[in-house]
Amino acid sequence: MSDNNNIPHEDTDVGKVEAWLNHFATRDGDDKSHTQGWMHNLIHSIKVISASSSLPHPSVTFSFVVENEHTNGFRNLHGGAAASLLDFCTSMVLVLIHKPGFWQTMGVSRTLNTTYMRPVPAGMEVLMECEILQVGKRLCALRGTMRRKSDGELLCVCEHNKANVDPDPKL
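The sequence shown runs 1 to 171 under UniProt numbering.
This is the structure we're talking about:
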């Protein structure tokens, strides 16, 4: 996530998140080393529904439809896929506040705690609501929830803590 100079910076909050999402989708398709694993199969199914940079808790809502390739042996969303989705989507909220010298590389995960409440079967559309709970110069706390789109039932929650790894500014 460190090379963000080529990424279009849109004027709207939704546009900013979509530009980064498209950047990662394209990058994953071009670099064969990144196509192995969950994210290549997941990222193309993520859609931005809404985004707000309003303080105190900037947030983004994404939609996702579970495909067979995202499931475990019971045809429910694989736990690793759910954790990867929430890791990626909660990180994307930082796009709304990052700037040179402040979360410009969007950091690295320190902890990712995911709690699974209910199974998420293949074919189900879910909404992932992600927000920044707290952000400082070096650390941030993010939260994500996954809900069934049809009735809002809570399926999964995530607490994600990240560390900023931006280089120190040069004088």
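Ideal Cβ positions, reconstructed from N, Cα and C, are used throughout, including at glycine.
Predicted model only: the values in this text are computed from it and were never measured.
Please report the straight-line C-alpha distance between residue i and residue j, rounded to a whole angstrom.
| i | j | result |
| --- | --- | --- |
| Ser-54 | Val-126 | 24 Å |
| Thr-63 | Val-93 | The displayed chain sequence assigns Ser, not Thr, to residue 63. Rounded to whole angstroms, Ser-63 to Val-93 spans 14 Å at the Cα level. |
| Arg-118 | Ser-59 | 24 Å |
| Met-39 | Cys-158 | 17 Å |
| Ala-122 | Val-66 | 5 Å |
| Asn-41 | Thr-115 | 22 Å |
| Lys-99 | Thr-12 | 15 Å |
| Lys-149 | Ala-82 | 15 Å |
Run through DSSP, which three-state label would residue i get?
| i | result |
| --- | --- |
| Met-92 | helix |
| Glu-153 | coil |
| Gly-101 | coil |
| Asn-161 | strand |
| Lys-16 | helix |
| Glu-131 | strand |
| Leu-55 | coil |
| Ser-50 | strand |
| Ser-84 | helix |
Would residue i and residue j be called neighbours here (beta carbons separated by less than 7 Å)?
| i | j | result |
| --- | --- | --- |
| Ser-109 | Lys-162 | yes |
| Ala-25 | Ile-43 | yes |
| His-160 | Leu-112 | yes |
| Val-120 | Lys-16 | no |
| Trp-103 | Asn-164 | yes |
| Cys-89 | Gly-152 | no |
Provide the residue(s) that pair with residue i in DSSP beta bridges, ordered along the chain.
| i | result |
| --- | --- |
| Pro-121 | Asn-76 |
| Val-126 | Phe-64 and Arg-148 |
Under 6 Å from any heavy atom of the ligand HEM, does the C-beta of residue i make it?
| i | result |
| --- | --- |
| Val-95 | As far as ligands go, the structure on display features none, and thus does not contain the ligand HEM. |
Measuring only between beta-carbons, confirm whether residue i sits less than 7 Å from chain C.
| i | result |
| --- | --- |
| Ala-51 | The question asks about chain C, but that chain is absent: this structure has only one protein chain. |
*Taking three-plus beta-carbon pairs below 8 Å as touching, is the region 128 to 144 in contact with the region 70 to 81?*
With fewer than three CB-CB distances shorter than 8 Å, the region 128 to 144 does not count as touching the region 70 to 81.
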